[in-house]
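Written out below as structure tokens is the structure these notes cover.
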Amino acid sequence: MRLLHTADLHLGRGGGRSLDALDALLTAAEREDVDALTVGGDCFDAATAADDLRPQLRERFTDNGFDVLVVPGNRDAAVFDGNVEFGPDFRALTTDPVEVATVGDGEVVAVPSCERLGEDRFFDLRERAHDEAVLLLHCTLDAGFGTGGTGDEAEPTHCPVQTETLGELGYEFVLAGHVHSELYQRKLPNGGLFIYPGSPVSHSWAETGRRHAVVVDTDDANVQPVALDTFYRDRFATTVAPGDAYDAIDRVEGWVDGQETDRSELEVRVDGFTELDESTFDERLHAAAGPATVVNETRGVAAVLDHPIYADFADRLDDFDLDEFDRVGDPEAVEERLVETLAELLAAGEVTHA
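Letter by letter, the sequence shown follows residues 0 to 353 in numbering that gives the first Met the number 0.
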């Protein structure tokens, strides 16, 4: 059984970005020659979104060479309450407590949206586990996992489940959703693998970096991330020390050059102290950052040179005979190191500004 796994598509959110992400997933599923595309919850952002998009989705979920298997999540469970049709390739796995879909020579064992697994469902799932079965659900792995990783979700700890519990169920692969932030894999106590694919499109700044889906091949026990050409957000941060201004600008320019600027929202944040005057550094920083939003928190090195700690140290340095100290023969090198260290401490907030 060969699957392409995703989750937290939230169709209807972000204008056309989520629909573009669906198109990218369908293209990837065809290219990877999978038996099914699995969605680990929150395929839709809300019931109204599903209703509005249904005509467009019927076209997309027709004549694919694979099934689309969707388990309800905390945001879209109400979508599947009525008798709705999204296309012949689309199957919502909604039967409580567990629904099983046969895919190729294997099975997808699905848990519809629930607050907790519960004892009865636990034993039901454990009885259904076998070498060619994967578990599909929408959950929060371990207490506090991925804090902030669900973006603005109203239920950040929906259906909490422990790593040890999943290990006791005995599945080789647990395909999950709910945590949007990034692709995440964890080995389970039974030797199985838990997978959060991350959202296939960036819905907020809680999801940074290029987005992925995951190919799972149960025959080869193989997992392969698949990069998606979808909208994403990303940040770059660097600290400038005196003498480092041009290198810092080069670092920013190199990072931006490596991004897909036509399908991303980027932020560059720079702090520290620069030997350039502040307006010159700011102008060159913005030029290097291109389309990225710039947060410039740098200050000119004059803020270091005017600090009482620097003045006191410089006075003491003048009073020392450096020839009396081993390996110290260059007062300019000592003074330069002081400027660098004081700049770092000021930037980190460990020393207050004068």
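Every residue, glycine too, gets a C-beta built ideally from N, C-alpha and C.
Exercise. If L140 and V107 are in contact, beta carbons under 8 Å, what's the gap, nearest whole angstrom?
Worked result: Translated into the one-based positions of the sequence shown, residue 140 becomes position 141. Translated into the one-based positions of the sequence shown, residue 107 becomes position 108. No, L140 and V107 are not in contact; Cβ-Cβ is about 19 Å, not under 8 Å.
Exercise. Is A212 helix, strand or coil when you go by DSSP?
Worked result: Position 213 of the sequence shown, counted from the start, is the residue given in the question as residue 212. It is a strand residue.
For this session: Please look up how many angstroms separate the CB atoms of F272 and A342, rounded, as I've assumed it's under 8 Å.
Result: Within the sequence shown, numbered from 1, the residue matching residue 272 stands at position 273. Within the sequence shown, numbered from 1, the residue matching residue 342 stands at position 343. 4 Å between Cβ atoms; contact.
Exercise. Counting along the chain, where does the alpha helix (DSSP H) carrying E118 start and finish?
Worked result: Here residue 118 refers to the residue found at position 119 of the sequence shown. Looking at the DSSP string, the run of the alpha helix (DSSP H) that includes E118 is 118 to 127.
Exercise. Count the other CB atoms within 10 Å of the CB of A301; is the residue buried (16 or more) or exposed (fewer)?
Worked result: On the sequence shown, position 302 is the one that residue 301 refers to. The residue in question, A301, is exposed, as its Cβ has fewer than 16 Cβ neighbours within 10 Å.
Exercise. Is it right to say V99 is buried, meaning 16 or more other beta carbons lie within 10 angstroms of its own, or is it exposed?
Worked result: Against the sequence shown, residue 99 aligns to sequence position 100. With fewer than 16 Cβ atoms within 10 Å of its Cβ, V99 is classed as exposed.
Exercise. Using the rule of at least 16 other Cβ atoms within 10 Å of the residue's Cβ for burial, across every protein chain shown, is E206 buried or exposed?
Worked result: Translated into the one-based positions of the sequence shown, residue 206 becomes position 207. Its Cβ being crowded by 16 or more others within 10 Å, E206 is buried.
Exercise. How long is the line joining the alpha carbons of L56 and L265, rounded to whole angstroms?
Worked result: Here residue 56 refers to the residue found at position 57 when the sequence shown is read from its first residue. Here residue 265 refers to the residue found at position 266 when the sequence shown is read from its first residue. If I take the Cα positions, the gap works out to 30 Å.
Problem set entry | Whole runs of the beta strand (DSSP E) within the region 211 to 248, excluding any shorter than 3 residues | 211 to 216, 221 to 226, 231 to 239
Exercise. Would N82 be called buried (16 or more neighbouring beta carbons within 10 Å of its own) or exposed?
Worked result: Within the sequence shown, the letter at position 83 stands for residue 82. Result: exposed.
For this session: Assess, as a yes-or-no matter, whether the region 55 to 72 is touched by the region 38 to 47 under the definition of 3 or more beta carbon pairs within less than 8 Å.
Result: yes
Problem set entry | Unbroken beta strand (DSSP E) run spanning V97, endpoints | One-based indexing of the sequence shown puts residue 97 at position 98. From DSSP, V97 is part of no beta strand (DSSP E); its letter is neither H nor E.
Exercise. Do P199 and T26 have their CB atoms nearer than 8 Å?
Worked result: Start at 1 with the first residue of the sequence shown, and residue 199 comes out as number 200. Start at 1 with the first residue of the sequence shown, and residue 26 comes out as number 27. No, the pair does not count as a contact, with Cβ atoms beyond the cut-off.
Exercise. For L174, which beta-bridge partners are listed by DSSP?
Worked result: Taking the sequence shown and counting its residues from 1, the one referred to as residue 174 is at position 175. DSSP lists L135, I194 as partners of L174.
For this session: Determine the contact status of T162 and P196, defining contact as a CB-CB distance below 8 Å.
Result: Here residue 162 refers to the residue found at position 163 when the sequence shown is read from its first residue. Here residue 196 refers to the residue found at position 197 when the sequence shown is read from its first residue. It is not a contact, given that the beta carbons lie outside the stated cut-off.
Problem set entry | D22 burial status per 10 Å Cβ neighbour count (16 or more: buried) | The count along the sequence shown starts at 1 and reaches residue 22 at position 23. Answer is exposed; the Cβ neighbour count stays below 16.
Problem set entry | Pairwise C-alpha distance: G166 and K186 | Along the sequence shown, read from residue 1 onward, the residue named residue 186 stands at position 187. Along the sequence shown, read from residue 1 onward, the residue named residue 166 stands at position 167. C-alpha separation (whole angstroms): 9 Å.
Exercise. Considering only residues of the same chain and omitting the five flanking positions on each side of G11, which have a CB-CB separation below 8 Å?
Worked result: Here residue 11 is taken as the residue at index 12 of the sequence shown, counted from 1. Here the set comprises S17, F43, D44, A45, T47, A48, A49, D51, L52.
For this session: Let me know the secondary structure DSSP gives F312 once reduced to three states.
Result: The sequence position of residue 312 within the sequence shown is 313, counting from 1. Helix.
Problem set entry | Option nearest D7 by Cα separation, candidates P54, S112, D104, R262 | Taking the first residue of the sequence shown as position 1, residue 7 is located at position 8. With distances taken between Cα atoms, D7 lies closest to S112.
For this session: Taking the CB atoms as reference points, tell me whether F230 and S201 lie closer together than 8 Å.
Result: Position 231 of the sequence shown, counted from the first residue, corresponds to residue 230. Position 202 of the sequence shown, counted from the first residue, corresponds to residue 201. Their beta carbons are under 8 Å apart, which means F230 touches S201 by this criterion.
Problem set entry | Collapsed DSSP secondary structure at D66 in the structure displayed | Taking the sequence shown and counting its residues from 1, the one referred to as residue 66 is at position 67. Strand.
Problem set entry | Buried versus exposed, by CB contacts within 10 Å (16 or more), L316 | As a first step, residue 316 must be located in the sequence shown, where it is residue number 317. It is exposed - the Cβ of L316 has fewer than 16 other Cβ atoms within 10 Å.
Problem set entry | CA nearest to the CA of G348, picked from L182, T238, H137, P224 | Translated into positions along the sequence shown, residue 348 becomes position 349. Here the closest residue by C-alpha is T238.
Exercise. If we count the other Cβ atoms within 10 Å of its Cβ and call it buried at 16 or more, is T297 buried or exposed?
Worked result: Numbered from its first residue, the sequence shown carries residue 297 at position 298. Per the 10 Å Cβ criterion, buried.
For this session: Rank G105, P96, A109, D104 by C-alpha distance to the C-alpha of R90 and give the top, closest one.
Result: Indexing the sequence shown from 1 puts residue 90 at position 91. R90 has its Cα closest to that of A109, out of G105, P96, A109, D104.
For this session: Assign V294 to buried or exposed, taking buried as 16 or more other Cβ atoms, counted over all protein chains shown, within 10 Å of its Cβ.
Result: As a working mapping, residue 294 is identified with position 295 in the sequence shown. That one is exposed.
Exercise. Is L187 helix, strand or coil by DSSP?
Worked result: Here residue 187 is taken as the residue at index 188 of the sequence shown, counted from 1. Coil, per DSSP.
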